[in-house]
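Student: Okay, so the sequence shown: first residue is 1 according to the UniProt record's numbering, each after it adds one. Below is a structure I'd like to ask you about.
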Amino acid sequence: MSTIIDQQELARQMRLILGDNESRSQYTPRNHSGDPDLSGVLDLLGYAVIESVLQHTRGNQCQAARILGINRGTIRMHWRKYRRYF
1 MSTIIDQQEL ARQMRLILGD NESRSQYTPR NHSGDPDLSG VLDLLGYAVI ESVLQHTRGN
61 QCQAARILGI NRGTIRMHWR KYRRYF
C-alpha cells in the first residue's frame with residue numbers, strides 16, 4: 001500500500017505549525033534571540049506528517065512506519081516528544 005501526502009496537506013500542516021494562528025504559533029520553537037529555531041520547526045513538521053499518517057492508518061503504528069519508511073520506534077519517539085504541544 002502506498003500513500004502520498006499531497007502538497008495541500010503538507011501546506012495545511014505547515015500553516016498549523018508555522019502560521020499566524022496564535023494558538024499554534026506559541027508552540028513554534030524559538031532560539032535564545034526569539035527567532036524561530038528551524039531545527040525545532042523541522043521536528044514539529046515531522047511530527048505533523050507522522051500524525052497525519054497515523055490518522056490515515058487509524059492509529060496503526062506499524063502500518064504508518066511502513067508508509068513513511070521509518071522504524072515504529074521512531075514514530076513512538078516523536079509522538080512522546082511532541083504530543084504535549086497539541
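A virtual CB, placed ideally from N, CA and C, is assigned to each residue, including glycine.
1) What separation, rounded to the nearest whole angstrom, lies between the Cα atoms of L54 and L38?
2) Taking 8 Å as the limit between beta carbons, can you name the residues of its chain near H78, skipping five residues before and five after?
3) Determine, using beta carbons only, whether Q63 and I75 come nearer to each other than 8 Å.
4) Put D20 into one of helix, strand or coil per three-state DSSP.
5) Y82 to G73, Cα distance in whole Å?
Tutor: Considering the structure as presented:
1) On the sequence shown, residue 54 is found 54 positions in, with the first residue counted as 1. On the sequence shown, residue 38 is found 38 positions in, with the first residue counted as 1. In a straight line, the C-alpha of L54 is about 24 Å away from that of L38.
2) As a working note, residue 78 is residue 78 in the sequence shown. Counting only Cβ-Cβ distances below 8 Å, and skipping sequence neighbours, we find D43, G46, Y47, I50.
3) The residue labelled residue 63 in the question sits at position 63 within the sequence shown. The residue labelled residue 75 in the question sits at position 75 within the sequence shown. No. Outside cutoff.
4) Position 20 of the sequence shown, counted from the first residue, corresponds to residue 20. Confidence is the limiting factor: at D20 the pLDDT is only 49, short of 50, which leaves the residue's position unreliable, though a coordinate-based value still follows. Reduced to three states, the DSSP call for D20 is coil.
5) Translated into the one-based positions of the sequence shown, residue 82 becomes position 82. Translated into the one-based positions of the sequence shown, residue 73 becomes position 73. C-alpha separation (whole angstroms): 14 Å.
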